[in-house]
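Residue numbers (my numbering): 1489 to 1642.
Below: one structure, written as structure tokens.
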Amino acid sequence: MTLLFFHVLKTDLTKETINKETVHACYKDLTLVEWVFRTSKTVELEMRPVYVRLADRTRGHAFIVMLAYRIVQELAQRWHNIELTVEEGLKELTTLCATEMVVGGRPCCNKIPEPRPLVRKLLETAKVRLPDVLPCSGIRVATRKKLVHQRKPL
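Given below as structure tokens:
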């Protein structure tokens, strides 16, 4: 026994205005829009609601979310043959590190060691070329730092 599933798309436009293929294409576009919103809130981007009150800040937040989404979309396209999700690829990239070079007791630069094969492949496929060294300011940066205690109360 074979089960068939159908779905019906209803629109208020007339047959003269739009054909069924265009209605179906618009519906598929809607699923892409939903995927964009889901992606922007998940681990890849970690964009959470930001409560902004000024129009410029709202537009800025929307711009950053869409720019980040565009980066995820580009990485997904470039990494599709590697058989990794963007999230998995980004987790692999977190293994990149730098070694601080110290001369005379003072940091002078950060040396980037040769990446592991998978990380190298991710970077090459994304067309990213790492420099051999990075300047060193001596400032330590911690990622995923909780800033709750520094926020102003509402």
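Glycine residues also receive a C-beta, built at the ideal position from the N, C-alpha and C atoms.
- Query: Tell me, which residues are paired with K1599 by DSSP?
  - Reply: BP columns for K1599 point to T1587, V1621.
- Query: What do you get for W1523, buried or exposed, if any count of 16 or more other CB atoms within 10 angstroms of its CB means buried?
  - Reply: Result: exposed.
- Opposing strand residues paired with R1526 [DSSP bridges]: Looking at the DSSP assignment, R1526 forms no beta bridge with any residue, so it has no partner.
- Under 8 angstroms between the Cβ atoms of V1607 and T1573? Cβ distance not < 8 angstroms, so V1607 and T1573 don't count as in contact.
- Item | Segments assigned alpha helix (DSSP H), at least 4 residues, entirely inside the segment 1537–1580 | If we require 4 residues or more, the alpha helix (DSSP H) runs fully inside the segment 1537–1580 come out as 1543–1566.
- Message: Give me the residue from A1586, V1591, P1605, K1609 with the minimum Cα distance to N1598.
- Response: Sorting A1586, V1591, P1605, K1609 by C-alpha distance to the C-alpha of N1598 places A1586 at the top.
- Query: Can you name the start and end residues of the alpha helix (DSSP H) that E1504 belongs to?
  - Reply: Going by DSSP, E1504 is part of no alpha helix (DSSP H) at all; its letter is neither H nor E.
- Quick one: residues in its chain with C-beta nearer than 7 angstroms to the C-beta of V1540, no 5 flanking neighbours on either side, listed in chain order? Hits under 7 angstroms: T1546, H1549.
- Message: Does R1608 come out as helix, strand or coil in the three-state DSSP assignment?
- Response: Look at R1608 here: in three-state DSSP terms it is helix.
- Item | Euclidean distance between Cα positions of V1511 and L1497 | Whole-angstrom Cα-Cα distance: 8 angstroms.
- Which word fits G1592, buried or exposed, when buried means at least 16 other C-beta atoms lie within 10 angstroms of its C-beta? Counting C-beta atoms within 10 angstroms of its own C-beta, G1592 has fewer than 16 neighbours from the protein chains shown and is therefore classed as exposed.
- Item | Option in D1620, K1503, K1615 with minimal Cα separation from E1562 | Out of D1620, K1503, K1615, the CA that lies nearest to the CA of E1562 is found in K1615.
- Message: Assuming the contact rule is C-beta atoms closer than 8 angstroms, L1610 and L1618 should be a hit. Round their C-beta distance to whole Å, please.
- Response: Between the beta-carbon of L1610 and that of L1618 there is about 11 angstroms, and that puts the pair past the 8 angstroms contact cut.
- Take the Cβ of V1521 as the centre, count every other Cβ of all protein chains shown within 10 Å, and call the residue buried at 16 or more, exposed below. Counting Cβ neighbours within 10 Å, V1521 comes out exposed, since fewer than 16 surround it.
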